[in-house]
Amino acid sequence: MSTTFRRIVAASTVVAFGALASAQTVYSNNPTGDNFTNPGGSGITQAVGASGWYYTNVRTDGVAGINTDYARSGNGSAHLSTSGAGNSKADVEYYQFNTPGAPTSGFAAMGTLGSLSGLSYDWYRNSSSGAAAHLHPALRVYFDADGNFATTTDQGYLVFERAYNPNTAAVPTDAWISDDVFNWNGAGLSANVWMVNFGNSNGSVEEVYNRTIQDWINSANPNGNYPSLSAQTAIFGVSSGVGSGWGSFDGAVDNISISFTGGMSHTWNFETQPVPEPASMAALGLGALALIRKRRNRKS
10 MSTTFRRIVA ASTVVAFGAL ASAQTVYSNN PTGDNFTNPG GSGITQAVGA SGWYYTNVRT
70 DGVAGINTDY ARSGNGSAHL STSGAGNSKA DVEYYQFNTP GAPTSGFAAM GTLGSLSGLS
130 YDWYRNSSSG AAAHLHPALR VYFDADGNFA TTTDQGYLVF ERAYNPNTAA VPTDAWISDD
190 VFNWNGAGLS ANVWMVNFGN SNGSVEEVYN RTIQDWINSA NPNGNYPSLS AQTAIFGVSS
250 GVGSGWGSFD GAVDNISISF TGGMSHTWNF ETQPVPEPAS MAALGLGALA LIRKRRNRKS
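Residue numbers (our numbering): 10 to 309.
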């Protein structure tokens, strides 16, 4: 498990469940947008307001921030970039927490892997990026293999990248791309996703890249002591990010969406904060309204 992830588990105050279905706008911390960065080699984290989203694993001059650099579906998106240094990285992540007073680690299931009914996102790669031509912001889903959040060695995430579906062709640049991961190739659960397991003594990445989401639901037998997933595996978060080991990359993500049959459905749109109405304009509006009412009263 990453240091950043451990900090969030330890420091998080639990966030109450929202409605089962929601389209949510996630606003930047600052009115003009965010550029959260860290020159150090260890990843650090910053909460994005009380949205449940975090800028995470930001290290070695990586940048994560909701700003207007690559506007999408409004005035903003989640900008992600890495420097040319080897372990530069930047992610944005959402975690589902239990209601106040709940037991265990604080995490709660959004749904199960078997009930997953939608997974998609929009991403952007700037042509100035020096990273290999097949790389783009990855999309990940956090899992707890046995659904018991009191045990953590079976937690990790499944990662989607175009390179393993099934080619390494250069991805488009300087344009927004919408990837429907759930319906990849026109069929549900057919995208290849690979496993990262935080508690594995053999290393976090299994390095098997040709298993589909359906294969994992069907309890594909992983190598070594990596956890076997199933239809009952709990999904408790989503993540998108860039790095590490990519070289320089500049791009963004937006409209991250995940849904479950009979359960939660979320779509998150990243925007900068609305510009507040100037106090003088508000006062002028109230004054004009009072004058109109006064004239009406005289006529009556």
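Here a beta-carbon is modelled for each residue, glycine too, at the ideal position from N, C-alpha and C.
DSSP lists 167 as the beta-bridge partner residues of residue 204.
Under the 10 Å beta carbon count, residue 211 is surrounded by fewer than 16 other beta carbons and is classified as exposed. Across the structure, residue 72 and residue 159 are spaced so that their CA atoms are roughly 33 Å apart. The three-state secondary structure of residue 241, taken from DSSP, is coil.
Membership of residue 224 in any beta strand (DSSP E) is not indicated; the residue belongs instead to the alpha helix (DSSP H) covering 222-226.
Between the stretch 251-264 and the stretch 138-151 there are three or more C-beta pairs closer than 8 Å, enough to call the two in contact.
For the pair of segments examined, the stretch 58-67 was found to touch the stretch 30-41: the number of CB pairs separated by less than 8 Å reaches three. With at least 16 other beta carbons inside 10 angstroms of its own, residue 121 counts as buried. The closest CA to that of residue 157, considering only 47, 238 and 42, is found on 238.
By the C-beta density criterion, residue 76 is buried, having at least 16 other C-beta atoms within 10 angstroms. Note on geometry: alpha-carbon atoms of residue 240 and residue 161 lie some 18 Å from one another. Inter-segment contact for the stretch 260-271 and the stretch 76-94 is present: three or more beta-carbon pairs are separated by less than 8 Å. Residues 86, 133 and 261 of the same chain have their beta carbon placed closer than 6 Å to that of residue 79, with the five preceding and five following residues left out of the count.
Residue 261 is bridged by DSSP to 88 and 133.
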